[in-house]
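Residue 719 in my numbering is what sits at position 47 of the sequence shown, and the numbering runs on without skipping anything. Beta carbons are placed, not taken as given, at the ideal position from N, Cα and C, and that holds for glycine. This one's a predicted model, so the numbers in the text were calculated from it and none came from an experiment.
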Amino acid sequence: MKKVVLAYSGGLDTSVAVAWLREQYDVEVVTLTVDVGGGSLRAGVGERALSAGASRAYVVDARQTFVEDFVWPAVRAGALYQGAYPLATALARPLLAQLLVEVAHREGADAVAHGCTGKGNDQVRFDVAVKALDASLEVVAPMRIGMGLSREGEIEYALERNIDIPVTHASPYSIDVNLWGRSIETGVLEDPWVAPPRDVYAWTVDPAEAPSPVEITLAFEAGVPVGLDGRSLEPVELVEALNELAGSHGVGRVDHVEDRLVGIKSREIYEAPAAIVIHAAHKALEGLTLSKDQLRFDRLVAAEVGQATYDGLWFSGLQANLREYTRTVQQAVEGEVRLRLDHGTATVVGRRSPTSLYDHALATYDAGDAFDHASAVGFIAIFGLPLRTEAGRRDGAGWATPLLPDLPLEVVDSEVEAGAVPVG
Ligand code: ARG
């Protein structure tokens, strides 16, 4: 190993890792910091990397790419891990891994490095994605192979070497953040019975303290949001605006015990106001614009994409195929959705679309009903045929157990029949 590109956040761990890698392996260290929004970019990060001993520091603004090429495909697919987690951290990993590989090529480096521990999903995502893009690159994770310093140890290590360290107080939590959400774990949260303390949350107000409810309108084209309340917005702006707005109404908190790829159940808190609203709106619009069969099949795709994204398999052939599939299907998902933001909830209250499959003339019970009621009789005769055939074999009783004997019953007879006594 001669030259390594390190994924560098500018935090204490990765600052120490720069020096540690140089000393341990006698290698040149180039750092890569990627801005994926949500406040993930620390000021002065490039200078800090150099102070830690990096020979060169790359800082990349990837916010737009992150939303368009990683977040939007997940929205089109309706991908949530275990039905709850909008995958903010998981979606940023393949982007980071790809940039690590590209910088490594540009720099002629033979290795990449990241600051993940040996217990989480992120190490798997980085390693697997890097190897999928360039199997010849070595992947080093100092935290996994013995750098193992306590926070105090790291501070001392940095001070001894004149490394500029971030002046943050020790957070009681481990937090990862990007435009699509905040992921918070560890500390008191490790007891799944303990309610999350107030200081866990930074993007959302306590739902009980939210202002009066508001109604918003989200516009979609080809399965992704393009406008808010009548204003067209660029992807990054739109997600930021929605995080702000929905967060101010307490929308976007997720408290979830999830199954990590490495076999551990773990309690996670997420804040993802925009993600929660966008997924809810998207689903409502799909209900209006996709066929029953597309909706049925898309549930399988959503589960598959959610799992694979979580598991770090973004660059697999199947995932590339499924992204193409959803892109095609989602061409029809266009229109507007109204939602009410009300003390922590985002409820769909209306939807409309130029590509709608909803036919009022067919659906209505009022005048103008175009549905052919009489033909329902023939339809039901054929539809119910196999069930009648099957029931006939068992003398009509089918598989139903008698209900009447066990239910409280009152029988009221007509007065003509004298002496009727209600049975109770
Ligand atoms: N459990 C989430 C995931 O695997 C989030 C992990 C975030 N990391 C952190 N240091 N909080 O995607």
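Beta-carbon gap between residue i and residue j smaller than 9 Å
i, j, result
"G1050", "V849", "no"
"R640", "P838", "The structure shown does not extend to residue 640, since the chain is modelled only from 673 to 1096, so the question has no answer here."
"I835", "S687", "yes"
"G924", "T876", "yes"
"E912", "G709", "yes"
"A785", "L684", "no"
"A918", "L851", "no"
"A874", "H1015", "no"
"D901", "T889", "yes"
"G750", "R833", "no"
"H928", "E940", "yes"
"V1020", "V1009", "yes"
Between the CA atoms of residue j and residue i - distance to the nearest angstrom
i, j, result
"R1023", "G1007", "7 Å"
"F969", "P897", "22 Å"
"Y982", "L768", "15 Å"
"V796", "G984", "7 Å"
"K674", "H777", "13 Å"
"F1055", "E774", "58 Å"
"L752", "K955", "12 Å"
"I950", "F738", "16 Å"
Own chain residues within Cβ distance below 7 Å of residue i, not counting five before or after
i, result
"F1106", "Since the displayed the chain opens at 673 and closes at 1096, residue 1106 lies outside it and no answer follows."
Proximity test, residue i beta-carbon vs the ligand ARG heavy atom, cut-off 8 Å
i, result
"T761", "yes"
"Y982", "yes"
"Y757", "yes"
"N793", "yes"
"R932", "yes"
"E857", "yes"
"D685", "no"
"E779", "no"
"D848", "yes"
"E940", "yes"
Neighbourhood of residue i by C-beta distance below 6 Å, restricted to the same chain and skipping five residues each side
i, result
"V866", "V860"
"G718", "A729, V731"
"T705", "Y680, V717, V731"
"T1017", "none"
"V886", "L1013"
"L713", "D707"
Three-way DSSP call (helix, strand, coil) for residue i in this model
i, result
"A894", "coil"
"N850", "strand"
"D741", "helix"
"K803", "helix"
"T708", "It should be noted that the sequence gives Val, not Thr, for residue 708. V708: coil per DSSP, three-state reduction."
"L1057", "helix"
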